[in-house]
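**Q** This structure is in structure tokens; I'll ask about it shortly.
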Amino acid sequence: MIVVVDPGAATTNLGDKIIAEAVERELIAPLRNAKLDVHRVPLHGTLTDGQRELIAQADDVIVSGTNLLSDHMRFRRSWQWDRKDIELTAGKLTTFGVGWWQYQRSGIDPLSARWLRSLRGTHAWAVRDEYSARRLGKAGVHAAHTTCPTLWSCSTQTLPSNERRAVVTLTDYNQERAADEQLVRALNSRFDEVLYWPQGPGDAVYLTSLAGVGPEQILAPTLEAFDAALLAGDTAYVGLRLHGGVRAIQLGVPSLILSVDNRAREISKSVDLAAPSRFAVNEIEHAMRSGEERKLAIPTETIDGWRRGWTG
Numbered sequence: 001m002i003v004v005v006d007p008g009a010a011t012t013n014l015g016d017k018i019i020a021e022a023v024e025r026e027l028i029a030p031l032r033n034a035k036l037d038v039h040r041v042p043l044h045g046t047l048t049d050g051q052r053e054l055i056a057q058a059d060d061v062i063v064s065g066t067n068l069l070s071d072h073m074r075f076r077r078s079w080q081w082d083r084k085d086i087e088l089t090a091g092k093l094t095t096f097g098v099g100w101w102q103y104q105r106s107g108i109d110p111l112s113a114r115w116l117r118s119l120r121g122t123h124a125w126a127v128r129d130e131y132s133a134r135r136l137g138k139a140g141v142h143a144a145h146t147t148c149p150t151l152w153s154c155s156t157q158t159l160p161s162n163e164r165r166a167v168v169t170l171t172d173y174n175q176e177r178a179a180d181e182q183l184v185r186a187l188n189s190r191f192d193e194v195l196y197w198p199q200g201p202g203d204a205v206y207l208t209s210l211a212g213v214g215p216e217q218i219l220a221p222t223l224e225a226f227d228a229a230l231l232a233g234d235t236a237y238v239g240l241r242l243h244g245g246v247r248a249i250q251l252g253v254p255s256l257i258l259s260v261d262n263r264a265r266e267i268s269k270s271v272d273l274a275a276p277s278r279f280a281v282n283e284i285e286h287a288m289r290s291g292e293e294r295k296l297a298i299p300t301e302t303i304d305g306w307r308r309g310w311t312g
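With UniProt numbering, letter number 4 in the sequence shown gets 4, and the count goes up by one each step, no holes.
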């Protein structure tokens with residue numbers, strides 16, 4: 001039996017829903033097609049006794065998505081389960097599309113490295129970027145760079161060109177008011193219509209606090225509203241939310257993702273995704289009109305080999 005730890009269950013961030021769709025399509029469906037017994041438990045929140053029992057009985061546990069890893073896993077974890085619950089996965093844990101929590105200078109502490117090694121199962125840990133793979137390797141955990149599963153179905157990224165309308169995301173968890181208001185001014189100058197999608201629970205409040213953003217520009221906080229706005233025609237995506245931008249790429253919509261932390265930055269380095277810094281004003285203004293089409297360097301051979309290790 002395989003238990004998949006699902007980031008899309010019990011989440012308040014709609015980016016996790018985008019990840020969860022990819023987990024279903026790229027992992028769970030192939031496992032079930034191979035006649036394997038697969039169960040889900042939520043990544044977020046507290047486990048029930050029944051869910052703990054599933055984990056205890058599982059042959060393998062695959063935890064999916066999110067910034068799960070850090071230099072101090074044993075002490076300060078991004079994974080918010082109780083440590084005793086995480087330790088139910090000992091000897092059978094694998095990751096799928098996870099990555100490192102921010103840039104950390106010190107290197108993983110020896111106790112955390114030993115703890116991670118005690119959790120690992122027999123399969124390589126699939127991570128979203130080469131940086132995370134290197135960090136795990138230094139901890140003695142075999143890892144494979146398979147990028148984020150949300151990108152597995154994507155081959156190219158097209159940057160905006162002459163679209164009339166933009167759908168935009170900013171973020172409440174990494175606020176830079178001066179830079180964000182400068183971006184709003186650039187967007188209002190470049191596009192005839194600018195709409196904003198609140199991917200996270202605090203985004204709408206932050207968006208309406210910015211000069212140049214009105215409440216009538218805020219879309220409903222649903223994935224359905226976001227998809228509909230992207231697909232309305234003559235529309236491009238520009239934004240700070242990584243998975244909002246990936247969703248646009250999935251839908252064939254021109255997309256410019258702006259880096260605010262190591263996630264987009266390291267994925268950019270690993271698969272040649274265009275993701276300039278939010279502070280790179282001239283580069284952003286050029287990219288909003290470039291129309292460049294970039295071939296993404298998706299590591300398909302590594303992906304296929306990793307997935308065959310499960311499905312045969």
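Note that beta-carbon positions come from the ideal geometry of N, C-alpha and C, so glycine has one too.
1) Secondary structure at G91, three-state DSSP: helix, strand or coil?
2) May I have the straight-line CA-CA distance separating W152 from D49, to the nearest angstrom?
3) On the criterion of 16 or more Cβ atoms from any shown chain inside 10 Å, does A22 qualify as buried, or is it exposed?
4) Report the CB separation of residue 313 from V184 in whole angstroms; it is logged as a contact under 8 Å.
5) From the DSSP output, in three-state form, read off P110 for me.
6) In the DSSP assignment, what residue or residues form a beta bridge with S259?
7) Quick check: the Cα distance between R77 and Y206, rounded to an integer number of angstroms?
8) Taking the alpha-carbon positions, what's the E181 to I249 distance?
9) What is the DSSP secondary structure of R135, counted as helix, strand or coil?
10) Quick one: give me the first and last residue of the beta strand (DSSP E) that H145 is part of.
11) Tell me which residue opens and which closes the alpha helix (DSSP H) that I86 is part of.
12) State the Cα-Cα distance for the pair F75 and S161, rounded to the nearest angstrom.
13) Would you grab the beta carbon distance between T311 and P30 for me? Rounded to a whole angstrom, and I think it's under 8 Å.
14) Could you tell me the alpha carbon to alpha carbon distance between S290 and P299, rounded to whole angstroms?
15) Just list the residues that DSSP pairs P30 with in beta bridges.
16) Taking only runs that begin and end inside the region 219-259, name each unbroken beta strand (DSSP E) of 3 or more residues, in chain order.
17) Suppose contacts are defined by Cβ-Cβ distances below 8 Å. Is K84 in contact with V61 by that definition?
18) Our contact map puts W125 next to V167 with C-beta atoms below 8 Å; I'd like the distance itself, whole angstroms only.
19) Using the C-alpha atoms, what's the distance from E87 back to R265?
20) Taking the alpha-carbon of V98 as reference, which of N262, E301, D304 has the nearest alpha-carbon?
21) Have a look at Y237 and R164 and give me their C-alpha separation to the nearest angstrom.
22) Could you check the C-alpha separation between R308 and T302 for me, to the nearest Å?
23) Looking only at C-alpha atoms, which of E53, Q51, M288 sits nearest to S189?
24) Entirely within the region 266-310 and at least 4 residues each: give me those alpha helix (DSSP H) ranges in chain order.
25) Between the C-alpha atoms of N67 and F191, what's the straight-line distance to the nearest angstrom?
26) Please classify S112: is it buried, with 16 or more other beta-carbons within 10 angstroms of its beta-carbon, or exposed?
27) Do D37 and D71 come within 8 Å of each other at the CB atom, strictly closer than that value?
28) Could you tell me the alpha carbon to alpha carbon distance between T156 and T169, rounded to whole angstroms?
29) In the DSSP output, which residue or residues are listed as bridge partners for P42?
30) Using 8 Å as the threshold, is the C-beta distance between N174 and V260 below it?
31) Cβ of A275 within 8 Å of Cβ of L251?
32) Could you tell me if T222 is buried or exposed, where buried requires 16 or more neighbouring beta carbons within 10 angstroms of its beta carbon?
33) Measure the alpha-carbon distance for W101 versus Q217 and round it to whole angstroms.
**A** Reading it off the structure:
1) coil
2) 34 Å
3) buried
4) Only positions 1 to 312 of the chain appear in this structure, which leaves residue 313 out of reach.
5) helix
6) S277
7) 27 Å
8) 25 Å
9) helix
10) 143-145
11) 83-86
12) 47 Å
13) 5 Å
14) 26 Å
15) Looking at the DSSP assignment, P30 forms no beta bridge with any residue, so it has no partner.
16) 235-239, 255-257
17) no
18) Not a contact, Cβ separation roughly 34 Å.
19) 31 Å
20) N262
21) 11 Å
22) 10 Å
23) M288
24) 281-290
25) 33 Å
26) buried
27) no
28) 21 Å
29) D6
30) yes
31) no
32) exposed
33) 32 Å
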